[in-house]
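Protein chains in written order, with our numbering: chain E, 1 to 276; chain F, 1 to 276; chain S, 1 to 403; chain G, 1 to 403.
Heads up, the thing below is written out as structure tokens.
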Amino acid sequence: MINLENRISSIFKNLKLENKKAFISFTTAGFPDVDTSFEIMKSIADSGAHIHEISFPHAEAQADGPIIQLANIESIKNGINFDKVIGIAKEMRAYNQQIGLVMMGYLNNIFIYGIDKFAKEVSGIIDAVICVDLPADVVEESQLKQALKKENIALIKLITPTTSDERIKKLVENAEGFIYSVNVAGITGVKSAEIDKVNSQISRIKQYTDLPVVSGFGIKTVEDVRKFSKSNADGVVIGSAIVEKIQEISKKNTDKKNIAKFVKDFCSELIKSLNS
Amino acid sequence: MINLENRISSIFKNLKLENKKAFISFTTAGFPDVDTSFEIMKSIADSGAHIHEISFPHAEAQADGPIIQLANIESIKNGINFDKVIGIAKEMRAYNQQIGLVMMGYLNNIFIYGIDKFAKEVSGIIDAVICVDLPADVVEESQLKQALKKENIALIKLITPTTSDERIKKLVENAEGFIYSVNVAGITGVKSAEIDKVNSQISRIKQYTDLPVVSGFGIKTVEDVRKFSKSNADGVVIGSAIVEKIQEISKKNTDKKNIAKFVKDFCSELIKSLNS
Amino acid sequence: MSTNEIKNSLRSGPNKNGYYGDFGGRYAPEILMPNLIQLEEAFETAINDKNFIDEFNYYLKEYVGRPNPLYYAEQLTKKIGGAKIYLKSDHLNHLGAHKINNSLFQVLLAKYMGKTKIYCETGAGAHLIATAACGARFNLPVVGYMGKDDIFLQSTNVLKAKLFGASVVECVDGTGQKGVLKDACTSVLKAWSSDPTAFYCCGSAIGPHPFPKIVQYAQSIIGKEIKQQILEKENRLPDAIVACIGGGSNLIGSIHEFLDDHDVALYGVEAEHSSALTNGSIGIMQGFKSFMLQSNDGSATLDTKSLASGINFYSCGPEHSYLKSIGRVSYTYATDDEAFDAFQLLCKTEGILPAFEPSFAIAQAIKLAKEMSEDKIIVINICGRGDKDIDTAERMLGDKLGK
Amino acid sequence: MSTNEIKNSLRSGPNKNGYYGDFGGRYAPEILMPNLIQLEEAFETAINDKNFIDEFNYYLKEYVGRPNPLYYAEQLTKKIGGAKIYLKSDHLNHLGAHKINNSLFQVLLAKYMGKTKIYCETGAGAHLIATAACGARFNLPVVGYMGKDDIFLQSTNVLKAKLFGASVVECVDGTGQKGVLKDACTSVLKAWSSDPTAFYCCGSAIGPHPFPKIVQYAQSIIGKEIKQQILEKENRLPDAIVACIGGGSNLIGSIHEFLDDHDVALYGVEAEHSSALTNGSIGIMQGFKSFMLQSNDGSATLDTKSLASGINFYSCGPEHSYLKSIGRVSYTYATDDEAFDAFQLLCKTEGILPAFEPSFAIAQAIKLAKEMSEDKIIVINICGRGDKDIDTAERMLGDKLGK
Ligand SMILES: Cc1ncc(COP(=O)(O)O)c(C=O)c1O
Ligand SMILES: Cc1ncc(COP(=O)(O)O)c(C=O)c1O
């Protein structure tokens, strides 16, 4: 069994040595369709993204804005389901052993699948899980954490601008992998992040933990990423911006190779801006 | 001043001698228009009707069915008003001194005109007044009665199938002219009178008064009138049936002479049936 | 509860012939007289029968949902900046208007008299649905008389009445082409003339004696509650009471208990274009003498119109004509625009959607309250809820409401 | 009123993490957590603050018009021929449904917390108008989140809300094409995430902790009144209580006071095609764990439909899932046809026009009452009036109503 925790840790360790930040991409499994979404992920891996978040879609995505919500609905309509998302993750791992893989989504899919069964199924495949609606106070949080721990998979914690210091202290206590610092008070893909506030929030988090802290929500353009290259974040997550590009290009172009190539170029440019 | 009470009394006295019944016609002043309605009344007088009721129209005629109600509305639309009705009565009296003339309608017109002024105005013209909505318990009843009495005009009382014996006794007490026995429990022109019930009601009334008792409401056809010729009524009132004829013929024929002729023929036929 | 005459009181009701001063009476065709006399006798017996009154009170509480609150309209008071404004909440009654007080009373009276069928007239349909509901509740079939035009305009109420099992008779005027409330009134009196086994449940404080008295009696629950509630809340009587007036039932119900309290100013508010008391003359129609809007010779009513169909009536109850004649009650009118503004203001300030009818009262009360000092108290009867008026409000507001 | 835990009681509410047995919880994104925690703390403070509770009770009485009657439905009882049927009359509340109990409580809580804006979600619009009215009354702007389809179907309620000064945000699902209640729920949670200065006034006993508890607390006035009233009238508790369930607020409000009275049988009635408790499976969505109608892998809700839009919801409040799991409450469903028959029956027998939602409860109660002897007592909560459903009733009845 590969030491998965080590994969994410070593990605951040290596980046630190190079004085670089992690580029974390996010796409919706099954969008615009199952095959193309896999093709896109492969090309993102090829682009040199350090970590990729595979979003398993949910129709009532509480924390997501219209861009990701539409992708969710479309992919569900196009026949994605949680089994198939796990299948995609497996194929991704077979395709690329370097990239950090994170499954990201809402608890219900994992809950319905079975927490222990899920952990076993993705063991050796993914490196971390982000569960948007899984705060520390619900019973499944410790269940999932334990089940994943057995398989060396990290359960990533999100911290937002409105999270109190007291709560940050509690949240980081048993955190693993990295901390996901949410830049804006609100949902994905709507507001733009302000770099000053981002920096101060990350400082606030770093008071309490030595884990890498990545910055997400509201980072949309090459310009944004360039600004973030000077932030104190250890990495940036680009979600809605990539999904929006996929939406745009897939409306015009149905050849999955072309779509994947387009997304790859976009990510390459972002990565260049981040670590230039 | 002609003794008006005598005119109605003598009409009934003479009829009695001949073993005949009074034929009392009823038309709406102003229907189908002011001129024609006067033409009609003249021709009715010519036909030999003993008494004629000149109805002064009211839009909310509480005791009248759809036929008379329509005539009321039409005549109001066509410009009749209470002044003009009095004018028609005056012309009728000028035209024919034998016929008994009754003005019939709702209190409000007389009330608005002024009770005393009205009595003076129709003095020597009409012989009786029927006020549909003027029971003994309202203040205007005695006012009108007194005012009319001064001018030798009778205020006619109506008695219906639902009037109790006790109430009949009170009603006939100061009655004058004749008693109007309403044949049906309800409004004009709808139900047909049943001769058995008519007879027993008239008998009931005659227990308490020596005045002539005339029978009205629900007498519609020559056939009906023939039946009534054998009743114990001293006269019959034909209202809706005549007004309906006027409605029918005036739709087809706009020449007032023709209409008047038609009504005259109808009345002649009815009079023949009544006293044959 | 007794109708025994009170010495020197304005509350003793009409004399034995149904007159309030010069007004009222019983100008009925002979064919109606036995019905009216029987009704009058039964009414007098019933209100002196403790069981009957207990039953009435039981259903007022359990079915109508009384007492309804005398609500202190704090926000409206602040907005106007004058007298303290209280709202009597008859809009909270079962079926959303004061009409049910009266329908309940009369349907119980019909039952008491052993009648087997109920007739009623209606304009906007409020009295129809109230009577239909009570008919359903007490297992008496209800036939509603309603103008042809109103049937079309108030189709929702017609439907409600039918769901309650009532049937509806279309009424027209003499032309047979159109029909409104006055035509329904004339029609129902005619129908009742022909069927003395039926009970006629009259919807407002109008008609031949004893209807004005019966309706006043039934609706006086409003004022009784106001009196008790204001004493509980303020330990004194209000300085003014304001209600709208069409036929005048909700107004007389609101003020009757206060007629002898001469420090309480009383206001009746008509709709501008059906303001019989302000702009009418004395006449006699449909069985009673009162102020009315009529043609010069008294042959016909004048056409009236109002934003609020419930107060769109050519006349008013005779007791109001009397109270006007002696100056005890001030009668005024509000315009459609004033009423509509008042309607919106109550929505926005208190979250209460009044019917258009009481909005005329609100409009007048606002003017009064502004002129009164803050230690004064004014009560407005909110005699109905505005659900029925929503579509009209939408049409009137048009784009002003925004998306 | 205190939320202190009662030993061995089903009424102690959720545990500190918001669980009723296995159900409920607070499955919220981190961004919502501070809002939820602040709300929970404020709620606990408020309900232990006598002034706050006095204020709530004041407006329940003066504004909502409570207590509403526990009405003995004599005609319906006779017609069914079994248990004695009582109707709890929440249809008589201001604005015609039980929703106002909750909106009032939460808007007062918002004021207590110093919030300056209210968000709410709505399906049929009942919760929207109740919240908009309370917002108007307490001078707090209200933004209602409503599905695109519902805005179209319930235009009257949208209009009422706007008259009360509220604005309405059109909500769609991911496709952007259509939107119903669940989309409004998702949207309002998102909006609230972005604006912690706002108060989210949740319309039913659903959502992340502490909403189910808050709504239960506010609606329990229904059951408190039932208990007091039935003791006054019958000197004993009822044998059964029946209410409809969509999210479950009127049901939990009706039964919460009786959870520990094990001789009182409790029934929740769903709509056939949105019967989460009868036909659903356990899942976690929109912040809580409960029974729900969902796709196999839990990615989406299933489409539901019902004659009664107010109970057309894919899930139900978590306390109900718990009460089902321990067998304390029996959950069943009625079909649209059964409900529509029950709707008509109540109209015809009692002159009461129920909303379609409680008609599902009536349908079930009729079945139960038939099987019960005459000395038994059953209470049905009539949680709303049917004015809003009249047009649909007309369409369904078609020619059957006659002219
Ligand atoms: C809500 C409402 N208010 C007022 C009225 C006027 O009636 P009244 O003047 O008898 O109170 C009506 C009559 O239908 C009505 O429906
Ligand atoms: C009248 C009525 N009844 C019932 C409901 C269902 O809600 P709950 O299950 O929360 O009582 C609604 C919801 O809108 C409603 O409007």
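Virtual Cβ for every residue (Gly too), placed ideally from N, Cα, C.
Owing to the predicted nature of the structure, the values given are computational and were not obtained by experimental measurement.
Residue interval of the beta strand (DSSP E) (run including ASN381(S)) | Reading the third sequence from its first residue, position 381 is the one you call residue 381(S). Note, ASN381(S): beta strand (DSSP E), 377-381.
Taking all protein chains shown into account, do 16 or more other C-beta atoms lie within 10 angstroms of the C-beta of LYS213(S), making it buried, or fewer, making it exposed?
The residue labelled residue 213(S) in the question sits at position 213 within the third sequence. LYS213(S) is buried by the Cβ-count criterion.
Can you pull the chain F neighbours of ASN17(S), defined as C-beta to C-beta under 8 Å?
Taking the first residue of the third sequence as 1, we reach residue 17(S) at position 17. Within chain F, the residues near ASN17(S) are ASP137, VAL138 and VAL139.
Length of the line joining the Cα atoms of ALA393(G) and PRO210(G): Residue numbering aside, residue 393(G) sits at position 393 when the fourth sequence is read from its first letter. Residue numbering aside, residue 210(G) sits at position 210 when the fourth sequence is read from its first letter. Between ALA393(G) and PRO210(G), the alpha-carbon positions lie close to 37 Å from each other.
Checklist entry - My guess is that ALA191(S) and ALA59(F) are in contact by the Cβ rule of under 8 Å, so how many angstroms apart are they, rounded? => result In the third sequence, counting from the first residue as 1, residue 191(S) sits at position 191. In the second sequence, counting from the first residue as 1, residue 59(F) sits at position 59. Not quite, the Cβ-Cβ distance comes to about 18 Å (not below 8 Å), so this is no contact.
In the DSSP output, what is GLY24(S) paired with across the bridge?
Reading the third sequence from its first residue, position 24 is the one you call residue 24(S). Paired residue(s): TYR19(S) and LYS289(S).
Considering LYS191(F), what are the terminal residues of the alpha helix (DSSP H) in which it resides? In the second sequence, counting from the first residue as 1, residue 191(F) sits at position 191. Neither: LYS191(F) is in no alpha helix (DSSP H) and is coded neither H nor E.
- Just the Cα atoms here: how many angstroms apart are TYR333(G) and LEU397(G)? Looking up residue 333(G) in the fourth sequence gives position 333. Looking up residue 397(G) in the fourth sequence gives position 397. Computed Cα separation, rounded: 23 Å.
Practice item. Can you give me, in chain order, the residues of the segment 34-59 of chain F that have a beta carbon less than 7 Å from any beta carbon in chain S? Key: For the segment 34-59 of chain F, residues whose beta-carbon sits nearer than 7 Å to a beta-carbon of chain S comprise PRO57, HIS58 and ALA59.
- Using 7 Å as the limit for Cβ to Cβ distance, is GLN247(E) near chain G? Here residue 247(E) refers to the residue found at position 247 when the first sequence is read from its first residue. Not one chain G Cβ lies under 7 Å of GLN247(E).
Exercise for review: Evaluate the contact criterion for the segment 47-60 of chain G versus the segment 309-316 of chain G: three or more CB pairs, one atom per stretch, below 8 Å.
Suggested key: no
For this session: Within the same chain, show all residues whose beta-carbon is closer than 8 Å to that of LEU302(S), passing over the 5 residues directly before and after it, in chain order.
Result: Residue 302(S) sits at position 302 when you count from the first residue of the third sequence. Contacts found: LEU293, GLN294, SER295 and TYR314.
Three or more C-beta pairs closer than 8 Å, one from the segment 187-202 of chain S and one from the segment 103-119 of chain S: is that the case here? yes
- Roughly how many whole angstroms lie between the Cα atoms of LEU140(S) and GLY239(F)? Here residue 140(S) refers to the residue found at position 140 of the third sequence. Here residue 239(F) refers to the residue found at position 239 of the second sequence. If you take the alpha carbons of LEU140(S) and GLY239(F), they lie about 36 Å apart.
task: List the whole-angstrom C-beta distance separating GLU140(E) from LEU107(E), where the pair is believed to meet the contact cut-off of C-beta under 8 Å.
output: Against the first sequence, residue 140(E) aligns to sequence position 140. Against the first sequence, residue 107(E) aligns to sequence position 107. So it is a contact: roughly 6 Å between Cβ atoms.
Inset, instruction - Please check if any C-beta of chain G sits within less than 7 Å of the C-beta of ASP389(S). - result: Here residue 389(S) corresponds to residue number 389 of the third sequence, with the count starting at 1. Output row for ASP389(S): interface = no.
- Item | Distance between beta carbons of GLY176(G) and GLN219(G), contact taken as under 8 Å | As a working mapping, residue 219(G) is identified with position 219 in the fourth sequence. As a working mapping, residue 176(G) is identified with position 176 in the fourth sequence. That belief does not hold up - the Cβ atoms of GLN219(G) and GLY176(G) are roughly 34 Å apart, past 8 Å.
Q. ARG328(G) to MET372(S), Cα distance in whole Å?
A. Your numbering for residue 328(G) matches position 328 in the fourth sequence. Your numbering for residue 372(S) matches position 372 in the third sequence. For ARG328(G) and MET372(S), the distance between alpha carbons rounds to 58 Å.
(message) Measuring straight from C-alpha to C-alpha, what distance separates GLU338(S) and LEU76(S)?
(response) Translated into positions along the third sequence, residue 338(S) becomes position 338. Translated into positions along the third sequence, residue 76(S) becomes position 76. Straight-line Cα distance between these residues: approximately 16 Å.
Compute the Euclidean distance between the alpha carbons of LYS117(F) and SER123(F), then round it to the nearest angstrom.
Position 117 of the second sequence, counted from the start, is the residue given in the question as residue 117(F). Position 123 of the second sequence, counted from the start, is the residue given in the question as residue 123(F). Cα to Cα, the separation comes out at about 10 Å.
- Query: Helix or strand or just coil, what does DSSP make of GLY351(S)?
  - Reply: To locate residue 351(S), count along the third sequence from 1; it is residue 351. GLY351(S) falls in the coil class under three-state DSSP.
Range of the contiguous alpha helix (DSSP H) that encloses GLY253(S): Residue numbering aside, residue 253(S) sits at position 253 when the third sequence is read from its first letter. First-last of the alpha helix (DSSP H) with GLY253(S): 249-255.
- Query: Between the C-alpha atoms of VAL38(F) and ILE37(S), what's the straight-line distance to the nearest angstrom?
  - Reply: As a position in the second sequence, residue 38(F) is number 38, starting the count at 1. As a position in the third sequence, residue 37(S) is number 37, starting the count at 1. For the record, residue 38(F) in the displayed sequence is Phe; it is not Val. Roughly 40 Å separates the two Cα atoms.
Please identify, using Cβ separations under 9 Å, the residues of the segment 170-196 of chain S that lie next to chain F, in order along the chain. VAL172, ASP173, GLY174, THR175, GLY176, LYS182, ASP183, CYS185, THR186, LEU189, LYS190, ALA191, SER193, SER194, ASP195 and PRO196
query: Since HIS127(S) is in the alpha helix (DSSP H), which residue starts that stretch and which ends it?
result: For the purposes of this step, residue 127(S) is taken as residue 127 along the third sequence, with counting starting at 1. Looking at the DSSP string, the run of the alpha helix (DSSP H) that includes HIS127(S) is 126-137.
Quiz item: Does the separation of the CB atoms of ILE125(F) and HIS52(F) fall below 7 Å?
Solution: Numbered from 1 along the second sequence, position 125 holds the residue referred to as residue 125(F). Numbered from 1 along the second sequence, position 52 holds the residue referred to as residue 52(F). For ILE125(F) and HIS52(F), no; Cβs fall outside 7 Å.
### Message
Taking 6 Å as the cut-off, is the beta-carbon of GLU115(F) closer than that to any non-hydrogen atom of ligand 1?
### Response
By one-based count along the second sequence, residue 115(F) stands at place 115. Before going further, note that residue 115(F) is Ile rather than Glu in the sequence given. Every heavy atom of ligand 1 is 6 Å or more from the Cβ of ILE115(F), so no.
* Asked: Quick one: what does DSSP say LYS115(S) is sitting in, helix, strand or coil?
  -> Here residue 115(S) refers to the residue found at position 115 of the third sequence. Three-state DSSP puts LYS115(S) in coil, outside helix and strand.
ask   = Using a Cβ cut-off of 8 Å, which residues of the segment 190-209 of chain E contact any Cβ in chain G, in chain order?
value = Taking 8 Å as the upper bound on Cβ-Cβ separation, chain G lies near residues VAL190 and LYS191 of the segment 190-209 of chain E.
Open item on the list: Helix, strand or coil for LYS117(E)? Go by DSSP, reduced to three states.
Closed with: The residue you call residue 117(E) lines up with position 117 of the first sequence. Looking at LYS117(E) - three-state DSSP - the assignment turns out to be helix.
| query | For ASP127(E) and chain G, any beta-carbon pair shorter than 7 Å? | reply | By one-based count along the first sequence, residue 127(E) stands at place 127. Contact with chain G is absent for ASP127(E), since none of that chain's Cβ atoms lies less than 7 Å from the residue's Cβ.
Item to complete: Identify the contact partners of ILE88(E) in chain G, using a Cβ-Cβ distance below 7 Å as the criterion.
Response: Here residue 88(E) is taken as the residue at index 88 of the first sequence, counted from 1. Going along chain G, no residue has its Cβ under 7 Å from ILE88(E), so there is no contact; the nearest lies around 14 Å.
Item checked: Under the three-state DSSP convention, the category HIS50(F) falls into -> Residue 50(F) sits at position 50 when you count from the first residue of the second sequence. Residue state, collapsed to three classes: coil.
Closer than 9 Å between beta carbons: that is the criterion. Which residues of the segment 145-164 of chain F meet it against chain S? Against chain S - using a Cβ distance shorter than 9 Å - the residues of the segment 145-164 of chain F are LYS157, LEU158, ILE159, THR160, PRO161, THR162, THR163 and SER164.
Range of the contiguous beta strand (DSSP E) that encloses VAL143(G):
Position 143 of the fourth sequence, counted from the first residue, corresponds to residue 143(G). That run of the beta strand (DSSP E) goes 142-147.
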